[in-house]
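>
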Amino acid sequence: MANLMNEFPNIEIKQDEPLMNYTYTHTGGPADWLAFPETIDQVRELVNYVHEHKMSLTVLGNASNLIVGDGGIDDLTIILTRLNKVEVHDNKVTAQAGASYVETTKAARDNKLTGLEFAAGIPGSIGGAIFMNAGAYGGETKNVVSEATVMLPDGTITHLSNEELDFGYRHSSVQDNNGIVLDATFTLEPGNYDEIKAKMDDLNERRAAKQPLDLPSCGSVFKRPAGYYAGKLIHDAGLQGYTYGGAQVSTKHAGFIVNIDHGTAADYVNVIHHVQKTVKEKFGVTLETEVRIIGRQD
């Protein structure tokens, strides 16, 4: 494989870079190549190169709802957090893929626009939020996004409407077309700054009271099973505090797995499998992962 640092001298690229330096879990082996594009043109250059050389491509944002295998990731990984511009025009907020959802909600608040309060504490990036239809406290991304700009695997750029994004529970069409979200536009309603701020503050206080924000985690691990709450099932199964290696089912919120002592991705996966097995045995309910598990699992 060519030296990508020589191929793209204008883009910061690292070789064999440990991804634990970038993930919320503080786990993950090395990326063969890790690139930090700063413009859409740079993203296109990288995508075209990968397409031409039949390499695999992995795209990350804040890596908050993600477990990267201890063996790392093949070929090229792109982190988009330097594409982080947020612009407001009238009642529309357009944020690049690498912008944090939190900062985007603050931009809406500061411009007296309501509708994004639910996302005030979601730690992911805008790209990840579109990809996963991120949601919290009764709100979902699909309810406020009007369109997204997406780059397809061959480097072409398309604009997808809300309908074309085909949102579902933790799902969007971007997962199906292997696209890369470049930006998203949220159409909001005029509101009162103090009321918007009060709601955001309230949700953040509730989040801090219930969730283990003081420890590394991958966020909500499991999807909500129909008719149940994953956290309650895990709690009722007596699994809070269950530990494998350095990963533990949070004693504060059973829906979270936290890194308590230099945990590895394998530790996380072992905890996940034990939780799934135990809940299935006790309650007959299959827990599906919300968190994405990617990379080499050795």
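For the sequence shown, counting from 1, position 100 maps to 100 in UniProt numbering; every step adds exactly one.
Here a beta-carbon is modelled for each residue, glycine too, at the ideal position from N, C-alpha and C.
Computed from a prediction, not measured in an experiment: that's the story for all the values here.
1. Just verifying my parser: in three-state terms, what is the DSSP assignment at N177?
2. By the DSSP assignment, the alpha helix (DSSP H) with V279 in it spans what residues?
3. Just to confirm the assignment, what range does the beta strand (DSSP E) spanning M151 have?
4. With burial defined as no fewer than 16 other Cβ atoms inside 10 Å of the residue's Cβ, what is the status of G127: buried or exposed?
5. In chain order, what residues of the same chain lie with their CB nearer than 6 Å to the CB of F12, ignoring the 5 residues before and after it?
6. According to the Cβ coordinates, are A38 and P30 closer than 7 Å?
7. Any idea what DSSP makes of F256, helix, strand or coil?
8. By how many angstroms is the C-alpha of G245 removed from the C-alpha of N162?
9. Nearest-angstrom Cα distance between A107 and G139?
10. For K210, which of G241, F118 and T251 has the nearest alpha-carbon?
11. Which residue or residues does DSSP assign as beta-bridge partners of R292?
Reading off the structure:
1. On the sequence shown, position 177 is the one that residue 177 refers to. Looking at N177 - three-state DSSP - the assignment turns out to be helix.
2. Walking along the sequence shown from the start, residue 279 turns up at place 279. DSSP places V279 in the uninterrupted alpha helix (DSSP H) bounded by A265 to F283.
3. Along the sequence shown, one-based indexing puts residue 151 at 151. V145 to M151 is the span of the beta strand (DSSP E), which, as asked, contains M151.
4. Reading the sequence shown from its first residue, position 127 is the one you call residue 127. It counts as buried.
5. One-based indexing of the sequence shown puts residue 12 at position 12. Reading the sequence as shown, one finds Glu at residue 12 and not Phe. Correct list, in chain order: F36.
6. Taking the first residue of the sequence shown as position 1, residue 38 is located at position 38. Taking the first residue of the sequence shown as position 1, residue 30 is located at position 30. Reading off the sequence shown, one finds Glu at residue 38, where the question assumed Ala. No, the Cβ-Cβ distance between E38 and P30 is not below 7 Å.
7. Numbered from 1 along the sequence shown, position 256 holds the residue referred to as residue 256. Assignment of F256 by DSSP, reduced to helix, strand and coil, places it in the coil class.
8. Translated into the one-based positions of the sequence shown, residue 162 becomes position 162. Translated into the one-based positions of the sequence shown, residue 245 becomes position 245. Going by C-alpha positions, N162 is about 42 Å away from G245.
9. Taking the sequence shown and counting its residues from 1, one reaches residue 107 at position 107. Taking the sequence shown and counting its residues from 1, one reaches residue 139 at position 139. Cα to Cα, A107 sits roughly 18 Å from G139.
10. As a first step, residue 210 must be located in the sequence shown, where it is residue number 210. With distances taken between Cα atoms, K210 lies closest to T251.
11. The residue labelled residue 292 in the question sits at position 292 within the sequence shown. Answer is L66, bridged to R292.
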